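Data block below; observations after.
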Amino acid sequence: AQTVTQSQPEMSVQEAETVTLSCTYDTSESDYYLFWYKQPPSRQMILVIRQEAYKQQNATENRFSVNFQKAAKSFSLKISDSQLGDAAMYFCAYKERFGNEKLTFGTGTRLTIIP
Amino acid sequence: NAGVTQTPKFQVLKTGQSMTLQCAQDMNHEYMSWYRQDPGMGLRLIHYSVGAGITDQGEVPNGYNVSRSTTEDFPLRLLSAAPSQTSVYFCASSYPPGQGKLYGYTFGSGTRLTVV
Numbered sequence: 088a089q090t091v092t093q094s095q096p097e098m099s100v101q102e103a104e105t106v107t108l109s110c111t112y113d114t115s116e117s118d119y120y121l122f123w124y125k126q127p128p129s130r131q132m133i134l135v136i137r138q139e140a141y142k143q144q145n146a147t148e149n150r151f152s153v154n155f156q157k158a159a160k161s162f163s164l165k166i167s168d169s170q171l172g173d174a175a176m177y178f179c180a181y182k183e184r185f186g187n188e189k190l191t192f193g194t195g196t197r198l199t200i201i202p
Numbered sequence: 004n005a006g007v008t009q010t011p012k013f014q015v016l017k018t019g020q021s022m023t024l025q026c027a028q029d030m031n032h033e034y035m036s037w038y039r040q041d042p043g044m045g046l047r048l049i050h051y052s053v054g055a056g057i058t059d060q061g062e063v064p065n066g067y068n069v070s071r072s073t074t075e076d077f078p079l080r081l082l083s084a085a086p087s088q089t090s091v092y093f094c095a096s097s098y099p100p101g102q103g104k105l106y107g108y109t110f111g112s113g114t115r116l117t118v119v
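Heads up: the sequence lines are chains X and U, in that order. Residue numbers for the first sequence follow the working numbering, so the first one is 88 and each next one is one higher. Residue numbers for the second sequence follow the working numbering, so the first one is 4 and each next one is one higher.
Set out below in structure tokens:
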């Protein structure tokens, strides 16, 4: 069974600085998707960034970028120029490209932004 | 506003009561899912649907029923509520992968359910 591990329960960063959140996963599949979701205090789950495993290029979305290391099964999220609105729980998630529609989530990293 | 709408946002039930959590999306997504979120455990899949009339079980389906009569709606039914079903419930929807549209689930704002 696939598992997703987020080893940092909490992180903090100064406003305007850069922070990296870690995620590792375990799978025997070669084709899959990886996602980062943000959950602010409002509870809404917001899709931040997606990565398709067959694409070598790391995904970027404005200040958010990933470091996807397929061989190491690592998928870290880098947030540049951190803003107060970035404070939230961040969840890493994995989904096989084919098969059932199960997203496997990690347990989350709580990110605090220090003004 | 386009998106996934869940009702109610909060609910308290007594043990043994039944209820339906409503979910509707207006993005014409074929795929819809229900997850529950418990402290320290991330989100776990309850049931999902890949189209009207098609549903399947996820990781934690016991005690829950679903049906999908339309593309837009995917209600979750609790048959006889138990304290173990106290959780936050999320509905999500997506286009299928590989159809030239970005694949990734859009989530609703959740329903906080307490069973006493």
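No residue lacks a Cβ here, since even glycine has one placed at the ideal position from N, Cα and C. These numbers were taken from a predicted model, which means no experiment stands behind them.
A direct Cα-Cα distance of roughly 30 angstroms separates Thr114(U) from Lys165(X). Under the Cβ criterion (8 angstroms, minimum of three pairs), the region 187 to 199 of chain X does not count as touching the region 21 to 30 of chain U. Comparing alpha carbon positions, the residue from Glu139(X), Ala174(X) and Asp173(X) closest to Lys157(X) is Glu139(X). Contacts with chain X (Cβ-Cβ distance below 7 angstroms) from the region 21 to 36 of chain U involve Tyr34 and Ser36, listed in chain order. The C-beta of Phe155(X) has 16 or more other C-beta atoms within 10 Å across all chains shown, which makes the residue buried. A direct Cα-to-Cα measurement between Trp37(U) and Cys94(U) gives close to 5 angstroms. In this structure, Leu105(U) and Thr23(U) do not form a Cβ contact; the two beta carbons are roughly 31 angstroms apart against a cut-off of 8 angstroms.
In the structure shown, the three-state DSSP call for Asp118(X) is coil. Looking at Ser115(X), Pro202(X), Ala180(X) and Glu102(X), the one whose alpha-carbon comes closest to that of Arg47(U) is Ala180(X). Within the model, the alpha-carbon separation for Gly6(U) versus Arg71(U) is close to 18 angstroms. When secondary structure is reduced to three states using DSSP, Leu48(U) falls in the strand class. Taking 7 angstroms as the upper bound on Cβ-Cβ separation, chain U lies near residues Phe178 of the region 159 to 181 of chain X.
Cβ contact annotation for Tyr141(X) (same chain, cutoff 7 angstroms, sequence separation greater than five): Asp118, in chain order. By a beta-carbon distance limit of 8 angstroms, Tyr34(U) contacts Ser96(U). Their separation comes to about 6 angstroms.
Between Ala146(X) and Ile133(X), the beta carbon gap of about 15 angstroms keeps them out of contact (Cβ cut-off 8 angstroms). Residue contact with chain X for Leu48(U): present (Cβ-Cβ distance below 8 angstroms to some residue of chain X). In the three-state DSSP reduction, Ser87(U) falls in the helix class (H, G or I).
Taking C-beta atoms as the reference points, Ala84(U) and Gln20(U) count as a pair closer than 8 angstroms. In summary, the residues of the region 180 to 201 of chain X whose CB is separated from some CB of chain U by less than 7 angstroms are Arg184, Asn187, Glu188, Lys189, Leu190, Phe192, Gly193, Thr194 and Gly195, in the order they occur in the chain.
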